[in-house]
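K.L.:
Have a look at this one.
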Amino acid sequence: MLLAAIVKTLFIIGVAVGAFAPVITWVERKQSAVMQDRIGANRADIGGVTLLGLLHPLADVLKLLSKEDVVPLGANRVMHLIAPLISAIPAIASFAVIPFGGIYHFGDSTWNLVVADLDWGLLYIFAISSLAAYGGVIAGWASNNNWSLLGSLRASAQVISYEVTMGLSVVGIFMCFATLRLTDMAVAQDSTFRVLGFLEHFGWVSSLGALGHLTLPKWGIFLQPLGFVLFLTCVMAENKRPPFDLPEGESEIIAGYHLEYSGMRFGLFYMSEFIEVVVIAGLLTAIFLGGWSIPWLPQRTLIGAVTPVFGTGFATGLCMVLHVLTFFAKVIAMIWLQMQIRWTLPRPRYDQVMDLCWKIMLPLSLANAMVTAIVILALQGRAA
Amino acid sequence: MVTGGAHSELLRWIPLLPLAAAVLHGIILGLLRRESPRSFVIAVSCGAPILAFVVALLAFFQLTDLPAGQRVLIDEVYAWIGAGRIAAEMSFVFDPLSAVMCLVVTGVGSLIHIYSIGYMADDHRDDGGFQRFFCYLNLFTCAMLLLVLGDNLVVMFLGWEGVGLCSYLLIGFWYGDRWNAYCGMKAFVVNRIGDFGFLLGIFLVIWALSGSGTTTLNFREMQAAIATIAERSVEVPAWLPGAPSWHLATLIGLCLFLGAVGKSAQLPLYVWLPDAMAGPTPVSALIHAATMVTAGVYMVCRLSFLYAVAPGASATIAWVGAATALFAATIAVAQTDIKKVLAYSTVSQLGYMFLAAGCGAYSAAIFHLGTHAFFKALLFLGSGAVILAMHHEQDTDKMGGLRRWLPRTHAVFLIGVLAIAGFPPFAGFFSKDSILLATWGAAAIPGHRALWAIGLVTAVLTAFYMFRLHFRTFAGTCRAPEEVQRHIHEPAAVVLVPLYVLAFFAIFAGFAGFPDAYGEAIGVPEADSLAHWLQGVLRQQEPAVAFSTELGLAALAVAAAAAGALAAAWLYVWRPELPERIAARAGALYRLVREKYYVDEIYDALFVRPLVTLSDRVLFRGVDAGLIDGVFANGSARAVRGFAAHGLKYLQSGLAQGYLVTMVAGALALVAWLLR
Amino acid sequence: MIPLEHVIGLSALLFAIGGVGALTRRNLIVILMSIELMLNAANLAFVGFARAWGGSAGQIFVLMVIVVAAAEVAVGLGIVIALFRNRESMNVEDVSLLKW
Amino acid sequence: MSGPQLFFYLFGAAAVVSALGMVLNVRNTVAAAMCLVVTMISLGGIYVVLDAHLVAALQIMVYAGAIVVVFLFVVMLLNLRRDAFPPERQRVTKALGVGLAIGVTWDFLRRMPGALPTAREVAPDFGGYRAVGRALFLEYPLPFEITSLLLLGAIVGAVVLAKRRLD
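Next comes the structure, spelled out in structure tokens:
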């Protein structure tokens, strides 16, 4: 039991921190290069082998590790030291509740591909991510630099504001799946629903006929499209990456709260941002994109189809591998989406960011929750 | 006594129409704070009383369709006041008496509304004066109709107070002049004294009726229960005549009559009416001649069943009326202000009406009320036309010879003078004659012959001062400045037409009360249609007088009128220098009369000044400023301030944590007590 | 299983610490934070009792307290900002005038 | 000592120490706030041990994640970097206060045992969002609604207080 937990933790940290985060830095450079019509990172080489520039992350790490670690005069040394850790740890800890695969039964043993299968998983995510705000805030304050302080101020206000809308935007999802446990959510999304089923449900048409075969995976994004947009916006704002990078907006306050950081401690801030990109991708996948589920191919159908030929054990194992691959495919797609947004949209003014949160997103998320509640009540009332 | 009665929802519209107009004006002026176009004001304000008149006519025709014994229409709108077993309903009654009054009020009222269009046309102040005037006028019409139509004393009292309020508002209408405002206040305050008596009377009635098992206060039930009131008596102080006990009916009658004395300007409360002439002339005509001041007479007639069983009260009414008639007539002889003369003449004529009512000749009182409404309104409106022509000059010393410029006004004014003087066949002759006849024959009243003599002397004086007024205004040479003379001109048609209509009635209205005896002589049965019409409602006491006596009395009355008129003509037309010589010769007497017997000054010294002094010295400076303000309000504040300044302030250090410590200590003490 | 006495004892300790902070510190913000600490101590007692009785009421109370605390912080810090804008001071003893 | 008990005492010690750190830290308001965060998080841990999962999550989210951040935000907004609070003098008062606090707490702790209920077994989903939510919305809807009014009032009040007058 403990062993399984350790293995799963190592797997996640290895994939997310060890593999994804560095690679994402490369992806970002490459994507920006493509979008800006230039060649991009391709110089770092080991004996002439550049691997399409994939060696750049390695070079970056080497450079950051070897740089001098400067603590500015008048800074609060302890706070300055722990701030990057405060920002990185919650990001990694969020992975604990994101299921990267389903639940599989091999004889007596059960494999549940999630580190911590908490009943209140989504609340855990919110709780942990709310702590992430401290990193930037403390860093800016401890640096004894007015630009940093301004960055901290912006960061704290922005993070707190968007947390409210983030919580409210998934209330609709809570109602749809009636659970906060992310593994349950994934299982619930591993099925399909008839797009026009409500016509029959309310008795507006007697039979759908051929249209009854028109189905969609029962994913959050199809049940709660507005919720998806709102949540995506909020988590991107929480991550403080462009276009929501006001706390570090270099044209205004140089680099915001990590202005006075150098070396690997700057690297930690840098890394935690990319780790959060992966966390966001995982979260979006788990909540809105059906997690590990393969569209139109529920777990039972898959295992049922393969078992007669290859036996239960192989079928389950195949299913598990396919699911994990599906999960990471979706994660990669979500990472790509974030990159695309990051390099497409310009940075708004700070007041526009706050207006967007309080005057547009918050009312929209409230309306979304209310409409969802009404629809669910209507459907249930009809059923009763 | 009239029994039964049909229900008719028409009645409520009669007071409601003017009320709606008044409320509409009130909303526009008071809430929206803007003045409407004059055409709108005229349409609404004159339309309302005219419509009310039409409705009243419809009701009148409904009434005439009923058989003679059951002529009464009832409209119970809603239950207004319920207190224990006593209930006052907002209900209206339309019987022959209120029909006559209602038609007079709406008819004369409509004419005066129309006349006002012309009279108020030059009122161009920026406080919405034109619309405000018509708003008050409509409100007055409504209140007067409430008074007339009210089915019980409470509704009547509502109207009674309403007309008092409107009278106050309209007397002080041109409030820019402090004198006008003072006159309005005087009218209001003097009326309060009468209203006090009226209220006492109502309470006594309620008290009397509550013993008889009656639950509503309407007049018919009162009439039915009059026997129980008549047999009760109350103890009175020993100094009053008839002590130690009076009939309850007498006491009620006197209390209610006190109200009538105030409202109808009888001795000793007549002083407000001459000053009420400060209001616009149409107001004087409508309120202070034709309608409101006759409310007292109407009330006495309406309660004739009560006064019939209260001979003491009736005698008092008769004597007060006669005394007022003579007294006011003597004052009128020496007045120069055209409206003042008319005002005292009104007081005098009201005295006549009370004389008739006191003598039990209620229909004569109502008859004179009606004719007086026509000819006095005519006279007032005529004087208004003169005042308009003279650019708001009211003093006859500055008039004279106006016939040259105002031939039409002169003609209608002369008709009014002839009517009030009592020349046959003008209206005043018949009504005054019937009063004198009733007085002559009222054997139940002590000293009825003396009353008759007073009435006759008053008739002489009436003719004298009216012709004096007429001659001083229209005859002789003009005493106005040249500048004014050049602008004198006949008023507009809107002013003249109501005058013609009123003149018509001043001539012919008398034939409604053509005496039965004359009718029999010329072969017309039941000639006195008014008396017969009113027969069922009023407790008429027919004088037993021979036909020959009646003719003789009439001849005497005509002779009196002629004597007065000739005296006036002799003094003011043929020998215009004589009046001054007489005034110089009888200096003290003349001054006494011209200064109205110094009644205002006496009242001022006896009541007003002591009261003002008491209010100022004792009530204001002593009680209000000293006791309430000084001791209670400021004293308590000073005490609290002293205590707070020297004791409590140390608790309020302003240090938040000090408070917190106190709070924690309190909480700890509480916990310690709980855990003890 | 945690003994309830220990939970309540911890709660009392935290409450006392918060009380001392609120009474002795002069920094307005720290006073507010001390009050938060006292509220949290009360919450802890609620949760402990809820666990001991096995009912949900105590936890509902905690939710209410959290809301009250949030409201208190919002208003309290609003006052602090307004005060600082007028007084340039965060010292509770500098605001001993009841009006200005 | 079982795992949960160990966690309880660990978190309890952390909470007390950090609370003391907050109250005794005279110079540095931000450090005091960070100490408060540690207290909040420790209390959250204790709530988990006491089976109050929803409350624990909300404790972290609201107290640690929002309220203290707002404290920090205000400290930084007002830029209270300099030491605005010179050493305080009222040592006697303080000693008295601390003594009183210790005395009262001690007295309380002394009296408490015996007056408390004995712990009992609870349902498996005790303290979860389902159980608490059901109790909140079915048994206490009125307090819930009133709380929303309180929040609205606080929002309006805070805006009015902190808004810079335009005049």
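Protein chains in written order, with our numbering: chain A, 48 to 431; chain B, 2 to 677; chain C, 30 to 129; chain D, 39 to 205.
All C-beta atoms in this analysis are idealised placements derived from N, C-alpha and C, irrespective of residue type, glycine included.
Can you check whether the C-beta of Val121 (chain C) is within less than 7 Å of a C-beta belonging to chain B?
P.N.:
yes
K.L.:
Just checking my contact of Phe548 (chain B) with Ala518 (chain B) at CB under 8 Å: how many whole Å lie between their CB atoms?
P.N.:
5 Å
K.L.:
Leaving aside the five residues before and after Glu527 (chain B) along the sequence, list all residues of the same chain whose C-beta is less than 8 Å from its C-beta, in chain order.
P.N.:
Asp517, Gly520 and His533
K.L.:
Take the Cβ of Trp188 (chain A) as the centre, count every other Cβ of all protein chains shown within 10 Å, and call the residue buried at 16 or more, exposed below.
P.N.:
buried
K.L.:
Along chain A, which residues have their Cβ under 8 Å away from the Cβ of Ile193 (chain D)?
P.N.:
Under the 8 Å cutoff, chain A gives no residues; its nearest Cβ is about 11 Å from Ile193 (chain D).
K.L.:
Among the candidates B:Leu146, B:Gly417 and B:Ser305, whose CA atom is the shortest distance from the CA of Ile1 (chain B)?
P.N.:
Nothing in the structure corresponds to residue 1 (chain B), since chain B is present only between 2 and 677.
K.L.:
Is Phe363 (chain B) helix, strand or coil by DSSP?
P.N.:
The identity of residue 363 (chain B) in the sequence shown is Tyr, whereas the question assumes Phe. Secondary structure of Tyr363 (chain B) (DSSP, three-state): helix.
K.L.:
Between Val107 (chain D) and chain A, is any beta-carbon pair separated by less than 7 Å?
P.N.:
yes
K.L.:
Determine, using beta carbons only, whether Phe173 (chain A) comes closer than 7 Å to chain D.
P.N.:
yes
K.L.:
Give the DSSP-derived three-state secondary structure of Met91 (chain B) in the structure shown.
P.N.:
strand
K.L.:
Going by beta carbon distance, what residues of the same chain come within less than 7 Å of Met2 (chain B), once the five residues before and after it are set aside?
P.N.:
Only weak support is given to the placement of Met2 (chain B): the predicted model assigns it a pLDDT of 41, under 50, and the value that follows is read from those uncertain coordinates. Cβ within range, chain order: Gln224.
K.L.:
Using a Cβ-Cβ cut-off of 7 Å (strictly less than) and excluding sequence neighbours within five positions of Gln395 (chain B), which residues of its own chain qualify?
P.N.:
Asp338, Ile339, Lys340 and Ile388
K.L.:
Could you pull out every residue in the same chain whose Cβ sits closer than 7 Å to the Cβ of Gly310 (chain A), ignoring the five residues on either side in sequence?
P.N.:
Leu111, Lys114, Glu115 and Asp116
K.L.:
Since Thr317 (chain B) and Leu255 (chain B) are thought to touch, with beta carbons under 8 Å apart, how far apart are those beta carbons, to the nearest angstrom?
P.N.:
6 Å
K.L.:
Among the candidates B:Ile367, B:Met121, B:Leu457 and B:Leu270, whose CA atom is the shortest distance from the CA of Arg193 (chain B)?
P.N.:
B:Leu270
K.L.:
Against chain A, with Cβ distances strictly below 7 Å, would Ala95 (chain D) count as a contact?
P.N.:
Yes, Ala95 (chain D) lies at the interface with chain A (some Cβ there is under 7 Å from its Cβ).
K.L.:
Helix, strand or coil for Val235 (chain B), going by three-state DSSP, please let me know.
P.N.:
strand
K.L.:
Return yes when the Cβ of Leu215 (chain A) is within less than 7 Å of the Cβ of Ser79 (chain A), no when it is not.
P.N.:
No, Cβ-Cβ distance for Ser79 (chain A) and Leu215 (chain A) is not below 7 Å.
K.L.:
Under 7 Å, Cβ to Cβ, is there at least one residue of chain D near Phe90 (chain C)?
P.N.:
Not closer than 7 Å to any Cβ of chain D, the Cβ of Phe90 (chain C) fails to qualify, so no.
K.L.:
Mind listing the chain C neighbours of Ala657 (chain B)? Cutoff is C-beta to C-beta under 7 Å, in chain order.
P.N.:
By Cβ distance, chain C contributes Val121.
K.L.:
Candidates A:Ala333, A:Lys265 and A:His260: which alpha carbon is nearest Cys223 (chain A)'s?
P.N.:
Comparing Cα-Cα distances from Cys223 (chain A) to each of A:Ala333, A:Lys265 and A:His260, the minimum goes to A:Lys265.
K.L.:
Does any C-beta atom of chain C lie closer than 7 Å to the C-beta of Asp163 (chain D)?
P.N.:
no
K.L.:
Are the C-beta atoms of Leu661 (chain B) and some chain C residue less than 7 Å apart?
P.N.:
yes
K.L.:
Could you check whether Gly198 (chain A) and Glu295 (chain A) sit closer than 7 Å to each other, using their CB atoms as the reference points?
P.N.:
Cβ distance < 7 Å, so Glu295 (chain A) and Gly198 (chain A) count as in contact.
K.L.:
What first and last residue would you give for the beta strand (DSSP E) that runs through Pro264 (chain A)?
P.N.:
Thr262 to Pro264
K.L.:
If we define contact as Cβ-Cβ less than 7 Å, is Val217 (chain A) a contact residue for chain D?
P.N.:
For Val217 (chain A), the answer is no, since every Cβ of chain D falls outside 7 Å of its Cβ.
K.L.:
Determine the direct distance from the alpha carbon of Leu112 (chain C) to that of Lys128 (chain C), and round the result to whole angstroms.
P.N.:
Because the pLDDT at Lys128 (chain C) is just 48, under 50, the model does not fix this residue reliably, and the point stays unresolved.
K.L.:
What is the rounded straight-line gap between the Cα of Ile184 (chain D) and the Cα of Gly191 (chain D)?
P.N.:
Cα atoms of Ile184 (chain D) and Gly191 (chain D): separation of roughly 11 Å, rounded to the nearest angstrom.
K.L.:
Helix, strand or coil for Glu491 (chain B)? Go by DSSP, reduced to three states.
P.N.:
coil
K.L.:
With 16 other CB atoms within 10 Å as the buried threshold, where does Trp453 (chain B) fall?
P.N.:
buried
K.L.:
In whole angstroms, give me the CA-to-CA distance for Ser168 (chain B) and Leu252 (chain B).
P.N.:
Rounded to whole angstroms, Ser168 (chain B) to Leu252 (chain B) spans 28 Å at the Cα level.
K.L.:
Report the residue from B:Leu98, B:Arg34 and B:Val156 whose alpha carbon sits nearest the alpha carbon of Glu77 (chain B).
P.N.:
B:Val156
K.L.:
Have a look at Arg595 (chain B) and Ala333 (chain B) and give me their C-alpha separation to the nearest angstrom.
P.N.:
8 Å
K.L.:
What in chain C is Cβ-close to Ala654 (chain B), meaning under 7 Å?
P.N.:
Correcting the residue identity first, residue 654 (chain B) is Ser in this sequence and not Ala. Those within 7 Å of Ser654 (chain B) in chain C are Ser125.
K.L.:
Does the distance between the C-beta of Ala200 (chain D) and the nearest non-hydrogen atom of the ligand SAM fall short of 6 Å?
P.N.:
Among the components modelled here there is no ligand, and therefore nothing to report on the ligand SAM.
K.L.:
May I ask you to list the residues that DSSP assigns as paired with Gly83 (chain B)?
P.N.:
Answer is B:Ala88, bridged to Gly83 (chain B).
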